[in-house]
Structure formats: structure tokens, C-alpha cells
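In what follows, a single structure is set out as C-alpha cells and then discussed.
2 protein chains.
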Amino acid sequence: MSSTPTPAPDLSDVFAYVDERRDEFVQRLIAYLRMPSISAWGTGMGEVAEFVAGMLGGLGLVTEVMPTAGWPMVLGRYEGAAADAPAVLLYGHYDVQPPDPLDAWVSPPFEPAIRDGRIYARGAGDNKGQHFAQMLALEALLACRGALPCNVTVLLEGEEEIGSPRMPDFVRDHRDALHADLVITSDGPVHESGRAQIVFGVRGVLSFELRARGADRDLHSGNWGGVAPNPLWTLVHLLATMKNARGEVTIDGFYDDVLPPTALEREALARLPGDLEAIRASLGASALDTPDGRGYAERLAAWPTFTINGLHGGYGGPGSKTVLPHEAFAKCDMRLVEAQRAEDVFAKVVAHVRRHAPGVEVIYQGAMDPSKTPLDSAYTAPLRQAIVAAQGEEPLLVPALGGSLPEYVFTRILGVPAFTVPYANADEANHAPNENIEVARFIAGIKTGAAMLAYLGASARP
Amino acid sequence: MSSTPTPAPDLSDVFAYVDERRDEFVQRLIAYLRMPSISAWGTGMGEVAEFVAGMLGGLGLVTEVMPTAGWPMVLGRYEGAAADAPAVLLYGHYDVQPPDPLDAWVSPPFEPAIRDGRIYARGAGDNKGQHFAQMLALEALLACRGALPCNVTVLLEGEEEIGSPRMPDFVRDHRDALHADLVITSDGPVHESGRAQIVFGVRGVLSFELRARGADRDLHSGNWGGVAPNPLWTLVHLLATMKNARGEVTIDGFYDDVLPPTALEREALARLPGDLEAIRASLGASALDTPDGRGYAERLAAWPTFTINGLHGGYGGPGSKTVLPHEAFAKCDMRLVEAQRAEDVFAKVVAHVRRHAPGVEVIYQGAMDPSKTPLDSAYTAPLRQAIVAAQGEEPLLVPALGGSLPEYVFTRILGVPAFTVPYANADEANHAPNENIEVARFIAGIKTGAAMLAYLGASARP
Chain A
1 MSSTPTPAPD
11 LSDVFAYVDE
21 RRDEFVQRLI
31 AYLRMPSISA
41 WGTGMGEVAE
51 FVAGMLGGLG
61 LVTEVMPTAG
71 WPMVLGRYEG
81 AAADAPAVLL
91 YGHYDVQPPD
101 PLDAWVSPPF
111 EPAIRDGRIY
121 ARGAGDNKGQ
131 HFAQMLALEA
141 LLACRGALPC
151 NVTVLLEGEE
161 EIGSPRMPDF
171 VRDHRDALHA
181 DLVITSDGPV
191 HESGRAQIVF
201 GVRGVLSFEL
211 RARGADRDLH
221 SGNWGGVAPN
231 PLWTLVHLLA
241 TMKNARGEVT
251 IDGFYDDVLP
261 PTALEREALA
271 RLPGDLEAIR
281 ASLGASALDT
291 PDGRGYAERL
301 AAWPTFTING
311 LHGGYGGPGS
321 KTVLPHEAFA
331 KCDMRLVEAQ
341 RAEDVFAKVV
351 AHVRRHAPGV
361 EVIYQGAMDP
371 SKTPLDSAYT
381 APLRQAIVAA
391 QGEEPLLVPA
401 LGGSLPEYVF
411 TRILGVPAFT
421 VPYANADEAN
431 HAPNENIEVA
441 RFIAGIKTGA
451 AMLAYLGASA
461 RP
Chain B
1 MSSTPTPAPD
11 LSDVFAYVDE
21 RRDEFVQRLI
31 AYLRMPSISA
41 WGTGMGEVAE
51 FVAGMLGGLG
61 LVTEVMPTAG
71 WPMVLGRYEG
81 AAADAPAVLL
91 YGHYDVQPPD
101 PLDAWVSPPF
111 EPAIRDGRIY
121 ARGAGDNKGQ
131 HFAQMLALEA
141 LLACRGALPC
151 NVTVLLEGEE
161 EIGSPRMPDF
171 VRDHRDALHA
181 DLVITSDGPV
191 HESGRAQIVF
201 GVRGVLSFEL
211 RARGADRDLH
221 SGNWGGVAPN
231 PLWTLVHLLA
241 TMKNARGEVT
251 IDGFYDDVLP
261 PTALEREALA
271 RLPGDLEAIR
281 ASLGASALDT
291 PDGRGYAERL
301 AAWPTFTING
311 LHGGYGGPGS
321 KTVLPHEAFA
331 KCDMRLVEAQ
341 RAEDVFAKVV
351 AHVRRHAPGV
361 EVIYQGAMDP
371 SKTPLDSAYT
381 APLRQAIVAA
391 QGEEPLLVPA
401 LGGSLPEYVF
411 TRILGVPAFT
421 VPYANADEAN
431 HAPNENIEVA
441 RFIAGIKTGA
451 AMLAYLGASA
461 RP
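What follows is the structure, given as C-alpha cells:
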């Protein structure tokens, strides 16, 4: 691994500036979290795009709200650094997940509340609290120094939570505007051990829905049970042919393009702390689901999944109802690893369903390919040093995140290394009720954002 | 089969009385249907019990509303016939199924509407329209003759749609009050061919819920997919071990007590009309579900089922959501045939779940044992003749109905023959939106009810 030591920039003024404005920054984040921006439902998207654009413009960045066929991209560009300083693309997303089930929230999702040192709100961790920290890092550097140490492009998209359907074409079409030497994304949680981490890749994701139909109306189970088709049984039997009880996906060719981790990745995975009993207990689950003997870290980073996100059909109310339902659906996602491609895996899913349950409809709901940056990138050293400077500890190096971000558009379309440096706590409850971010991690995120630019600016471009 | 011909009573005055009051009777049924009585939700039960008791009392029957641990039983007794006339117990239920999904109803479930000669309302067919016809039959006989030709007990229960949990004890405890030579129930639809039928038995039913849990909260499928347990996959794999894709229940011992039909039953089943293509088309289904080569009629009458009534877990809203759900449940029912016993089958289900998915909870939700009366009963002939007199056609003889009624309490606890003579059209959509009864069948039901008592009264007690 390359580890050219970079002369350490002095950041004490910037860190002091951030500490003095801690309460103000928290209140400004709360104001941002109060604005819903639910891409799946189309709630509040235009207003929030204008809000973040206004903030970037206020920092002096050349800012554009760029329309797409979906929700707009917000772009801010700073070109005041030396021509030989690295150009950094900071990516984030201003949309959030739908907040339901609403009744499981202790405080309402769009009325941010601070409890026990955490800010609770939809988007607190995923991703508003994290890209807002990046923007405040720029604000702090500009306030203390009058300039940024790198050239910076901020790209905030509004459709990450619905699969970033516009990102590939947008990046392809704006290759020049997005030109950069590296991409930094702050999203997802820190390592579940609580340690900071640099993540070099992400799993891809493929979302689809299986929809089964029986009669054209619900039937009485006594008059029709055993003679009329039941779409719930159709889905149960179909799904059971797609993944077995040992957790192995049994779709022809599904594992064909799964590459084993490199030696460097294997070493990094082995160094990751992981108290499986503590993890199990933190979930309140009776057991973890690690059926095939692969290690926990390897399963998350380098092994694909098949998750049923939701399955619904028939009666769900109180008591019993002797009905034979007429339709049922299963919403599913698959997490994909190098060198799987979503398009290819989806074709395999469709072929499987055609063969095993030809009457079942397969509805594509979006995909992102996986992405990986080599662990021995020249930018690894300055990013590690920056995290040590801002947070006081060496980050873990994680070959790939379990979750998905559209980083393949950077590593594959732009062809540059992409790093994820998450700021949110491991129990941020993103995509779930009571999403939150620890105030301390939000503040540390602002300092880390500033330090990364400072260390990158002080390092030589490779 | 016994077929002693009974001298034909003249019913022209009674039939004319009914025809003259057709509109009035329809309006009175509509008034009754307007009153919700949803036992599963506890809606309107007391009011409706009082309403039917008031009607029975108005006919001069000795009437009681008898409290139980659940909803009350309504009992009306007429003892004015000759001591050697048969004593007939007329059974029905004044509760109805929950009406959801509400948005699938063309007109609201408790605002009865007449369209194309049908009355649409929850309970129109199941069972208000049918036991109301029985009560109007008593009214017509009493109005025309001043007396009934048989001694009659009317028993209306309020918990049939939740599995009649109180019936066995009630019948055991009131054996004397319920004393009768035979039981007649008008429930369920006529044969799907449109022909009248006499049904000699019912399948039993066992309802239960399977409940699976994973973590103590919903998780992000990217951060946790492949390492945290997914209760939807748990249910899918468990259910797939309980019934295979060919429709065979694979629970140890499930078929042990399934008796093959008798020779007489086999003959009767063979005589039932059944245009499978027309049935399939009427359901709007792409195929019927008759996987094991048994005939359609035999599958419905003499073969058990395992139906998933509802399965729910995780996200069910618009678009996709990459969530790993923390709980899921499947509501199920099994239809049972002679000589299966619900208690024994439930024990086999529990044993199966313990073995295959010990973390899954099995919640008992009620049961009724199956019941069968011999086709060659002495009462078969007068009932057939009565139907011919009232409806002009020979009824089909059906060994057992696909649906379930608590008839085992009569055949097993009281030890008397029990007959089901349905009045509702085959497409009554009971237990589903847009439940309805054809006005013509409701009126024919009143005449049939009167004719059955007249022919039974004219026949010799065996």
C-alpha cells in the first residue's frame, strides 16, 4: 500500500472555528432536516434542491440547479485553488427515504428532536447530516483561510433513494464539468465497532417486484380452496426456488461473476473488528444469518444477497379471515459484488421466473452496479492522515460497503478513484423509523471534511 | 337411498302470499342488511341480536337472547305442531365477515343497493339473506295456516365468521332445549351450475397464524442483508416445507385420517355438473388449481386444503424500499374432511413448525371439525320433494360442502342428521367485496323454507 507521508497541515484554527459554532451548526442542520424531500413520493424535492443550491451559492461556489428527467442535480464548483492541487468531487444526495411506518417514530420524522446527544429525523444520517457537514467544512475553511486547498465540485443528487436512475447519463453527459482526480462520498455509517473507516467500494443493488395473480377477485377459502389458484402460494413456491433455506441463491448463474477478494482486501477484512455476539445483541435478534461459513465482514463486503423487502397479499387485519386472495406481490432487492452487473443478474432473474412460474410478472425497479477502488490508491494516505488529525484515530480500511451508492458512475464512467468516508453512527437507523445522527459525529464530520481537503491539498498529485 | 314418497301438500296459498309481498320482503331484508354485525371487530353485535330476537318474538316464538362468553345466541322455539311431527332445528348466523377492502365495493357494504336483480351488501348471502328467508317462511306459513307443520327451533349464532368458538359448549349445555330430529342450515351458495342442492356435510376448518421475527427493528438491506435474519425468508422457507408446488401438504400425518368417499358419495359426486372451463373463466383465472388428478368435485368435498389467507411483512408502498423487515406473519386456514380432527391436525402443524423453524410462533385462531350425514337418511326424500315443489327442479345431492359450518355440533354432539340447503347464488361473493344475493333466489328461499317444513310435517318420522 502506498503511504508517502504528507507534511501535516495545521488545522487548529479551523477546528476551533467549528467548535465555537457547534450549536449554530446543529440548529442549521435541524432547519434543513425539517424540510421533507422524499423522492419516492415526490414530496418537497424542488424546495430542497433550491435550499442546498442557495447554501452553495452563499459560499461563493458557482452553482447550478440542473434539471433532469427526474429530480434536479445540484452542482457547485470552486476553482480558486492552485492548478496542480487535486480536484475533488464531493458527492451526496438531498433526497430521503419514505418515513413510514410513521407510528414507530418516537418523534415525527420531519420535526427533528435532540435526545441523548442525537438528532432524530428522517435524513439525519442518510444523507443530509453528512453532506451538510461537507458543506460546513467548506464554509469553515473559507472563513478561516479565505480559500480552499483543493479545487472542489459538490454534486448533490435527488434520486439516490430511488436508485439514482439519472446518474449514469448525467455523469456521461457532464464528464467535463465533473472532472476530478478523486471522488469523496460521506454516506452510510462508520464501522459498527464505532471506528472511522475509509470504504473503497460498494455493493451494487438491483430492485424488482414479483407480482402474482389468481382469480380476478378474492374468493372464499372454503368454496374455492384446493381448486382456485392462490397467488401467495405461487410466490412462496417461486421464492423458495430462488434462494434455499441455507441462504444460497439458486438462480442459474447468479454467482458466476462473483470475484474472490484480493490478498490486500482479505488482509483488510481480517483486520476489521467484529464482535458477532455484540452485533447480534444490538439487533435484538436471536441469531445472525451467516449460513455458509464465510466471515461476517466478507459476507457484507464481497458476497451478494437476495432480500425480500416486503411481501403482501390477502388479509392482514385483526383475527382471521377465510379468504383466498387474488393477488400478491414481493418487493425484492439483490446486493451485487464485483464483477456482477445488474443488467445481467436481472436477465437471470427473469429467465428463472419464466421457467418456474411463467404467470408471475417481474417488474424492474432500478439498479446500480457495484464499484471498487484499489486499496493501494495514492490518495489513501492523505485521507487516513486527515481522519487521524480530525478524529484522533486511525480509520479502518474497508474494501466495500454492504450498502449501495452510485459510485460506479465515478469509477467506471469518470474512471477516477472513489472513497467513502462515512460520518454517521452505526446505529443511525437509516431507512428505518427513528433515524438519527450523533451530534458529536456530525461535528467530527465537519472537521474531517476540512482536514481531508487540507491533506489532499498538501499532498502531491500522483 | 331411502325414497318413500310423501303425499304432496298443497302450498299454492303460501307461495302466492310470498309472491304478493316480494317487494316488502326485499325492503325488510335491506333494512336488516343495513345493520353491521361484524363479529371479528365487535361492531353492532348486540343491536343485531336484539333485532332478530324481536322478529322471532313477533312471530310468536318463545324467544331468548342467551349470553355467552362471546356474542349471544338467539333462540326461538315453536311447539304448536303435533307431538309426532318432526322437530326441526333451523340454524343460521347473524354475524358477517369484515367488509375490507372497502375501496373494492361498488356500493358501500352497509348501504344495500339493488343492481340487475341482486341485492349488494355485506351479509346479503352469508348469512342474513338466507336465515331471514327461513324466518319469512315461518311468517308466511303462520299467516296462511295459523300454525307450523313441524315443531321448530331457530338458533342464530353471532360468531360463525370467527369460527363458532362457543357453539360446541353451548350445544352441549343446552342439549334439551335444542332437541330436534334433524337440523337444516341455509348457508353457502347453490351449486355453481346454478342448480339447487342438498348438502350432507361440510369440511372442517382450522385457522392459525405463523409469526416470524428477525431483529427488533427494520434494517437497511445494504448494511444488513446477508447477515441479519429476514422473517419473510423464514416464512417462505417454512411454508415451502408445509405444502409443495404440486399442492400436496407435506406435514407429517396430515392425510392420515382422510377417508375415501363411500360408493354412494362417489356416485353423487360423479353426477354433479362441472364445466371446468366455464368455472375457470368465471374466476378470471388463467388456470384452475387441480394438481393431483382428483376430480374437481371430490377435491372440494372430500379432500383437505391448506390456504394462505394473508401474508404480510415489510414494505408495501409505492416504488421500492431497500429495507430488511423485522417481522412477518402468515394467516392460514386448512379445510378438513372426515375423519380429520382439527385438534389433531393443529398438533401436527405445531410439531412441524417446531422442527423446521423453531423460532416461528404458531397462534391458534379457531377451528371446526368436519361433519357428514349419510346420503340415505330418511329425511332426504321430503327435502328433495320440497325443493322440487318450491323451485321446480330436482336438487343435486352433495356429500360435503367445500366451506365450513359448525354442523359437527349437531351430527356429533346432538347426534342428529344435519342438512344444508343453500339459497344464495354461486357468485354471491361471500367473504369478498360486492357480496350479493339474487332477489329471485331470496324469494325462492322463502318458499323453499316453507315447503321443507310442510313436506317434513307430512312425512312419517322414521
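Residue numbers (our numbering), protein chains in the order written: chain A, 1 to 462; chain B, 1 to 462. Ideal Cβ placement from N, Cα and C applies to all residues, glycine included.
- Interface residue (Cβ-Cβ distance to chain B less than 8 Å): A/Q134 is not classified as such.
- Look at A/G295: its C-beta is not under 8 Å from any C-beta on chain B.
- One finds S320 and T322 in chain A with Cβ atoms closer than 8 Å to the Cβ of B/S207, taken in chain order.
- Apart from the 5 residues on each side of it in sequence, B/R118 sits with its Cβ closer than 6 Å to the Cβ of N436 and E438 in its chain, given in chain order.
- The three-state reading of DSSP puts A/R354 in helix, counting H, G and I together.
- Under the Cβ distance rule, A/K128 does not count among the residues neighbouring chain B, no pair being separated by less than 8 Å.
- Contact between the stretch 331-348 of chain B and the stretch 376-389 of chain B is absent: fewer than three C-beta pairs spanning the two stretches fall below 8 Å.
- Interface flag for A/I162 against chain B is set, since a Cβ pair is found closer than 8 Å.
- Contact with chain A is found for B/Y315, since one of that chain's Cβ atoms lies less than 8 Å from the residue's Cβ.
- According to the DSSP assignment, A/K447 belongs to the alpha helix (DSSP H) that extends over V439 to A458.
- For B/H174, the three-state secondary structure derived from DSSP is coil.
- Excluding five sequence positions before and after A/L136, the CB atoms of its chain that fall closer than 6 Å to its own CB belong to F25 and I446, given in chain order.
- The beta carbons of B/L324 and B/Y296 sit no closer together than 8 Å.
- Its chain contains G214 and A215 as the residues whose beta carbon lies nearer than 8 Å to that of A/P229, once the 5 sequence neighbours on both sides are disregarded; these appear in chain order.
- At a cut-off of 8 Å between beta carbons, B/T411 makes no contact with chain A.
- Listed in chain order, the beta strand (DSSP E) runs fully inside the stretch 343-405 of chain A are 361-368 and 396-398, counting runs of at least 3 residues.
- Listed in chain order, the non-local C-beta contacts of B/P86 below 6 Å within the same chain comprise C150, D181, L456 and R461, local neighbours out to five positions each way being set aside.
- Annotation: A/M73 to A/T43 spans about 16 Å, alpha carbon to alpha carbon.
- For A/H93, DSSP records a beta bridge to A/E157.
- At a C-beta separation below 7 Å, A/T307 has these neighbours in chain B: S221, G225, N230 and L324.
- Straight through space, the alpha carbons of A/V152 and A/L56 are spaced by roughly 12 Å.
- A distance below 6 Å between beta-carbons, with the five flanking residues on each side excluded, links A/N430 to the following residues of its chain, in chain order: G125 and D126.
- Less than 8 Å divides the Cβ of B/G204 from the Cβ of B/A342.
- Rounded to whole angstroms, the Cβ separation of A/A8 and A/G449 is 17 Å, and the two are not in contact under 8 Å.
- Annotation for B/E64: the continuous beta strand (DSSP E) segment containing it runs V62 to M66.
- With three or more CB-CB distances shorter than 8 Å, the stretch 345-362 of chain B counts as touching the stretch 235-255 of chain B.
- If you draw a straight line from the Cα of B/G123 to the Cα of B/Q385, it is about 29 Å long.
- Listed as beta-bridge partners of B/I114 by DSSP are B/I119.
- Contact of A/P406 with chain B is not assigned, every C-beta pair being separated by 8 Å or more.
- Just so you know, the alpha carbons of B/S459 and A/G317 end up roughly 48 Å apart.
- Residue environment analysis places B/H131 among the buried positions, since at least 16 neighbouring C-beta atoms fall within 10 angstroms of its C-beta.
- Residues are counted here when their Cβ sits less than 7 Å from a Cβ of chain B; for the stretch 350-366 of chain A these are G359, Q365 and G366, given in chain order.
- Residue pairing by DSSP places B/Q197 opposite B/L396 in a beta bridge.
- Under the three-pair Cβ rule at 8 Å, the stretch 252-259 of chain A does not count as touching the stretch 168-186 of chain B.
- With contacts defined by Cβ atoms closer than 8 Å, A/L311 and B/L219 do not form a contacting pair.
- Distance from the Cα of B/L59 is smallest, within the candidate group B/R77, B/P189 and B/G70, for B/R77.
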